[in-house]
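**Q**
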Amino acid sequence: MTRTHTCGELTKKDLQKEATLCGWVQTRRDHGGVVFIDLRDRYGITQIVFDPSHNKEVHTAAEHLGREWVLQVQGHVRMRPEGMKNSKLQTGEIELLADILVVLNPADTPPFEIDGREEVSEDLRLKYRFLDLRRKRLQENIIFRANVIKFLRDWMHARDFVEIETPLLTVSSPEGARDFLVPSRIHPGKFYALPQAPQQYKQLLMVAGFDKYFQVAPCMRDEDARADRSPGEFYQLDTETSFLTQDQFFELMEPLFIEVSKKFTTKKIMKVPFPRIPYRESMLKYGVDKPDLRFGLEIQEINELVKDGKFDVFKNAIKEKGCVRIITAPGAANKFARKDLDELTEHAKSNGAGGLAYITLKDNEIKSPLTKFLGDEFINTIIKKANAKEGDIVFFGAGKELTVCKVLGQLRIELGKRLNLIDENLLAWLWIVDFPMYEFNEQENKIDFMHNPFSMPQGGMEALQKKDPLDILAYQYDIVCNGLELSSGAVRNNVPEIMYKAFNIAGYPREAVDKKFGHMIAAFKFGAPPHCGFAPGIERMVMILRGENNIREITAFPKNKSAEDVMMGAPSEVDEKQLKELHIKLDIVQPKK
536 MTRTHTCGEL TKKDLQKEAT LCGWVQTRRD HGGVVFIDLR DRYGITQIVF
586 DPSHNKEVHT AAEHLGREWV LQVQGHVRMR PEGMKNSKLQ TGEIELLADI
636 LVVLNPADTP PFEIDGREEV SEDLRLKYRF LDLRRKRLQE NIIFRANVIK
686 FLRDWMHARD FVEIETPLLT VSSPEGARDF LVPSRIHPGK FYALPQAPQQ
736 YKQLLMVAGF DKYFQVAPCM RDEDARADRS PGEFYQLDTE TSFLTQDQFF
786 ELMEPLFIEV SKKFTTKKIM KVPFPRIPYR ESMLKYGVDK PDLRFGLEIQ
836 EINELVKDGK FDVFKNAIKE KGCVRIITAP GAANKFARKD LDELTEHAKS
886 NGAGGLAYIT LKDNEIKSPL TKFLGDEFIN TIIKKANAKE GDIVFFGAGK
936 ELTVCKVLGQ LRIELGKRLN LIDENLLAWL WIVDFPMYEF NEQENKIDFM
986 HNPFSMPQGG MEALQKKDPL DILAYQYDIV CNGLELSSGA VRNNVPEIMY
1036 KAFNIAGYPR EAVDKKFGHM IAAFKFGAPP HCGFAPGIER MVMILRGENN
1086 IREITAFPKN KSAEDVMMGA PSEVDEKQLK ELHIKLDIVQ PKK
């Protein structure tokens, strides 16, 4: 016997047909001496009937079947009796009357129900991931992801991009996160690194003349887990192009996000073309460089209002080159109890604030602990600036700019959730542009690259020679949707002398650049075209399109929050023989408790 149909295929059009199905036992029920089996595969569920009046031998065998046994069943399609039809199933009008039953494999009792009706701990789900993946929701998510990747590949191929695989064993590089290192057996004491991204390879492909490159690239970074970030590995649509300006690159790639959104979700794209927001403006208005534009709540700066006031906290913040900013929460005074305000205060403290000051407008009365410091008249001036109305609350942030941005930026997100301001039916795509090339590292008291050191500075060599480094902008950009950054990208620095100068400002002498990136410099000296690119994260894109909030729900075999594969037992100890072959001796330093 061979399978003739899937478990989601048969309908009343197939009445009286002989069919052979293969699948797993979802449920078994006994009614009036007749055994009913729901047989499941990834396509659906078909009800199988084992009737002793039709075939006694097969019925007897069916009485011993258990959940998740693997079966092959041959029978004839017939209509279900009236009152027994199931409109929730594609096959819900028919059933298969069994003639032949073959048990392909029995199964132990599973540790949780596969039908998804019970809550199961994540640790248990990950330990038995092969069972968890039998669940309909997860199977649909994984298939959805596969379809998105196919669409992305087809889209890129249709626009003459060449799909090229790059090495998985490469050199360690300072791209931000910690590397996963692989010891070399042939070269004792030396290590490969698993790629954090194919960054240098794809730029070298531009030098080689492949003006449009892409791959669905595996990337490995030794990072901590988050809801939107898997520890260890992830995939990205790695992309690079030659001979395009930043604006031309946006015009080329923006339709990809528009088309994938329309193909895979009914959510409405908020604005086309996508807004392009300078980094500085984003930090001022939203407190983050990946703003969620599905709701307002813009942050306002009130330095000019308060710099000459009587309140020392505000005056000192500005005196020390910090800032004072406010955010107005519409209707919050009528919705928030004391408990909510206490929770928001703790939320602000967790992001670096000393506390959370606010003005409440309720019952035609202004209430604020700031009144005794600022006075009624000054409070009213701030309320007018905030455009606050009856029922609103105005929250304050004062101090160093980065701290205020973080506090109010995260507060804005929390307010959006608590006040139900986020429209879940919108996709708010945008570009963040004009990132600073450098930032000041207070811990080391030096200038550092802010993001990608290989970005072209706006203004080129002249900007590097004549401008204050902290005023130099880079041709760097992010693509963001609904508060999630899908990718950073940049116009690359393809001129060796500009690269040397850029690194020199950040404290790297010419010799250090040659030692670390000599292969790149050498390649660029043979004619490197202007080039730019980015690498949108596959998992984050699927999360947005699918409406999932956890990356582990759209990844077949994810690690847990501790970067462990509890199903496979990784990471694990290895044999002493393996270590000797790699010329490695372990000297494990126990972490401090």
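For the sequence shown, this note's numbering assigns the number 536 to the initial residue and increments by one for each residue that follows.
Quick reminder that beta carbons are idealized off the backbone N, C-alpha and C, glycines included.
Computed from a predicted structure; not experimentally measured.
Run the CB neighbour count on M996, radius 10 Å, all protein chains shown included, and call it buried at 16 or more, exposed below.
**A** Translated into positions along the sequence shown, residue 996 becomes position 461. Exposed.
**Q** Helix or strand or just coil, what does DSSP make of E974?
**A** Numbered from 1 along the sequence shown, position 439 holds the residue referred to as residue 974. Of the three classes helix, strand and coil, the one that applies to E974 here is strand, per DSSP.
**Q** Buried or exposed, going by whether 16 or more other CB atoms sit within 10 Å of the CB of L1005?
**A** By 1-based counting over the sequence shown, the position of residue 1005 is 470. Exposed.
**Q** Between which two residues does the beta strand (DSSP E) containing S777 stretch?
**A** Here residue 777 corresponds to residue number 242 of the sequence shown, with the count starting at 1. Unbroken beta strand (DSSP E) run through S777: 767-777.
**Q** So, is L740 buried or exposed, given that buried needs 16 or more other C-beta atoms within 10 angstroms?
**A** As a first step, residue 740 must be located in the sequence shown, where it is residue number 205. Per the 10 Å Cβ criterion, buried.
**Q** Just to confirm, is the Cβ distance from V848 to A933 under 9 Å?
**A** As a position in the sequence shown, residue 848 is number 313, starting the count at 1. As a position in the sequence shown, residue 933 is number 398, starting the count at 1. Contact: yes.
**Q** Using a Cβ-Cβ cut-off of 7 Å (strictly less than) and excluding sequence neighbours within five positions of Q781, which residues of its own chain qualify?
**A** What you label residue 781 is simply residue 246 of the sequence shown in a count that begins at 1. Closer than 7 Å at the Cβ level, and outside the excluded window around Q781, lie Y1010, Y1012, V1026, C1067.
**Q** Rounded C-beta distance between I1040 and Y973? I'm assuming under 8 Å.
**A** Here residue 1040 refers to the residue found at position 505 of the sequence shown. Here residue 973 refers to the residue found at position 438 of the sequence shown. Sure, about 7 Å apart at Cβ, within 8 Å.
**Q** At which residues does the beta strand (DSSP E) containing K981 begin and terminate?
**A** On the sequence shown, residue 981 is found 446 positions in, with the first residue counted as 1. From DSSP, the beta strand (DSSP E) with K981 extends over 981-984.
**Q** Is P1093 buried or exposed, if buried means 16 or more other CB atoms sit within 10 Å of its CB?
**A** What you label residue 1093 is simply residue 558 of the sequence shown in a count that begins at 1. It is buried - the Cβ of P1093 has at least 16 other Cβ atoms within 10 Å.
**Q** Which residues mark the beginning and the end of the alpha helix (DSSP H) in which V1077 is found?
**A** Position 542 of the sequence shown holds residue 1077. Taken as a continuous stretch (DSSP letters only), the alpha helix (DSSP H) holding V1077 covers 1073-1081.
**Q** Quickly, what does DSSP pair L556 with across the bridge? List them, please.
**A** Walking along the sequence shown from the start, residue 556 turns up at place 21. DSSP lists V608 as partners of L556.
**Q** For P1064 versus D773, is the C-beta spacing smaller than 9 Å?
**A** On the sequence shown, residue 1064 is found 529 positions in, with the first residue counted as 1. On the sequence shown, residue 773 is found 238 positions in, with the first residue counted as 1. Taking 9 Å as the Cβ cut-off, P1064 and D773 do not qualify as a contacting pair.
**Q** Compute the distance between the beta-carbons of V605 and V584, then report whether it is under 9 Å.
**A** Residue mapping note: residue 605 aligns to position 70 of the sequence shown, counting from 1. Residue mapping note: residue 584 aligns to position 49 of the sequence shown, counting from 1. No.
**Q** Three or more C-beta pairs closer than 8 Å, one from the stretch 794-806 and one from the stretch 1074-1081: is that the case here?
**A** Short answer: they touch.
**Q** Between Q561, Y578, V612, which lies nearest to G601 when the distance is taken from Cα to Cα?
**A** As a working mapping, residue 601 is identified with position 66 in the sequence shown. Comparing Cα-Cα distances from G601 to each of Q561, Y578, V612, the minimum goes to Q561.
**Q** Measure the Cβ-Cβ separation of A642 and W559 and say whether it is below 9 Å.
**A** What you label residue 642 is simply residue 107 of the sequence shown in a count that begins at 1. What you label residue 559 is simply residue 24 of the sequence shown in a count that begins at 1. Yes, the pair counts as a contact, with Cβ atoms nearer than the cut-off.
**Q** Using the three-state DSSP reduction, which class does Q750 fall into: helix, strand or coil?
**A** Taking the first residue of the sequence shown as position 1, residue 750 is located at position 215. Three-state DSSP puts Q750 in a strand.
**Q** Do L631 and R613 have their CB atoms nearer than 9 Å?
**A** As a position in the sequence shown, residue 631 is number 96, starting the count at 1. As a position in the sequence shown, residue 613 is number 78, starting the count at 1. In this structure, R613 lies closer than 9 Å to L631 by Cβ.
**Q** Y893 lies in the beta strand (DSSP E); which residues open and close that run?
**A** Position 358 of the sequence shown, counting from 1, holds the residue named residue 893. 893-897 is the span of the beta strand (DSSP E), which, as asked, contains Y893.
**Q** Just confirm the distance between the C-beta atoms of S817 and I967, as a whole number of angstroms; I'd bet it's less than 8 Å.
**A** Here the question's residue 817 lines up with position 282 in the sequence shown. Here the question's residue 967 lines up with position 432 in the sequence shown. About 6 Å separates the two Cβ atoms, so the contact holds.
**Q** For Q750, count neighbouring C-beta atoms within 10 Å of its own C-beta (all shown protein chains included) and say buried if the count is 16 or more, exposed if not.
**A** Residue mapping note: residue 750 aligns to position 215 of the sequence shown, counting from 1. Buried, since its Cβ has 16 or more Cβ neighbours within 10 Å.
**Q** Can you tell which of R764, L950, R720, K907 has the C-alpha that lies nearest to the C-alpha of I834?
**A** Locating residue 834 in the sequence shown gives position 299, where the first residue counts as 1. I834 has its Cα closest to that of L950, out of R764, L950, R720, K907.
**Q** In whole angstroms, what separates the C-alpha of Q993 from that of K1001?
**A** Here residue 993 corresponds to residue number 458 of the sequence shown, with the count starting at 1. Here residue 1001 corresponds to residue number 466 of the sequence shown, with the count starting at 1. Taking the straight line joining both Cα atoms gives about 12 Å.
**Q** Sorted by chain position, which residues of the same chain lie with C-beta nearer than 6 Å to I1056's C-beta, five sequence neighbours on each side aside?
**A** On the sequence shown, residue 1056 is found 521 positions in, with the first residue counted as 1. Only P1031 meet the Cβ criterion.
**Q** Helix or strand or just coil, what does DSSP make of V859?
**A** Residue numbering aside, residue 859 sits at position 324 when the sequence shown is read from its first letter. In this structure, V859 counts as strand in the three-state DSSP scheme.
**Q** In the DSSP output, what is Y814 paired with across the bridge?
**A** Along the sequence shown, read from residue 1 onward, the residue named residue 814 stands at position 279. DSSP lists no partner for Y814.
**Q** Which residues in the same chain have their Cβ closer than 7 Å to the Cβ of D763, if we skip the five residues on either side of it in sequence?
**A** Here the question's residue 763 lines up with position 228 in the sequence shown. Counting only Cβ-Cβ distances below 7 Å, and skipping sequence neighbours, we find L1019, R1075, M1078, I1086.
**Q** How would you call G1024, buried or exposed, if buried means at least 16 neighbouring beta carbons within 10 angstroms?
**A** In the sequence shown, residue 1024 corresponds to position 489, counting from 1. With 16 or more Cβ atoms within 10 Å of its Cβ, G1024 is classed as buried.
**Q** To which residues of the same chain is K620 closer than 6 Å at the C-beta, ignoring the five residues directly before and after it?
**A** Start at 1 with the first residue of the sequence shown, and residue 620 comes out as number 85. So the list reads G627, E628, once near-sequence residues are dropped.
**Q** Provide the residue span of the alpha helix (DSSP H) that contains Q582, from first to last.
**A** Locating residue 582 in the sequence shown gives position 47, counting from the first residue. Here Q582 belongs to no alpha helix (DSSP H); instead the beta strand (DSSP E) covers 579-585.
**Q** Please say whether A864 and V929 have beta carbons closer to each other than 9 Å?
**A** Taking the first residue of the sequence shown as 1, we reach residue 929 at position 394. Taking the first residue of the sequence shown as 1, we reach residue 864 at position 329. Yes, Cβ-Cβ distance for V929 and A864 is below 9 Å.
**Q** Would you kindly report the start and end of the unbroken alpha helix (DSSP H) that includes N1039?
**A** Here residue 1039 is taken as the residue at index 504 of the sequence shown, counted from 1. Here the alpha helix (DSSP H) through N1039 covers 1031-1040.
**Q** Could you give the distance in angstroms between the alpha-carbon of K1060 and the alpha-carbon of N851?
**A** In the sequence shown, counting from the first residue as 1, residue 1060 sits at position 525. In the sequence shown, counting from the first residue as 1, residue 851 sits at position 316. Taking the straight line from one Cα to the other gives about 51 Å.
**Q** Since L891 and T880 are thought to touch, with beta carbons under 8 Å apart, how far apart are those beta carbons, to the nearest angstrom?
**A** Here residue 891 is taken as the residue at index 356 of the sequence shown, counted from 1. Here residue 880 is taken as the residue at index 345 of the sequence shown, counted from 1. Indeed, because the Cβ distance is near 4 Å, the residues count as touching under 8 Å.
**Q** Look up W964 in the DSSP assignment and give the residues it is bridged to.
**A** As a first step, residue 964 must be located in the sequence shown, where it is residue number 429. Answer is C1016.
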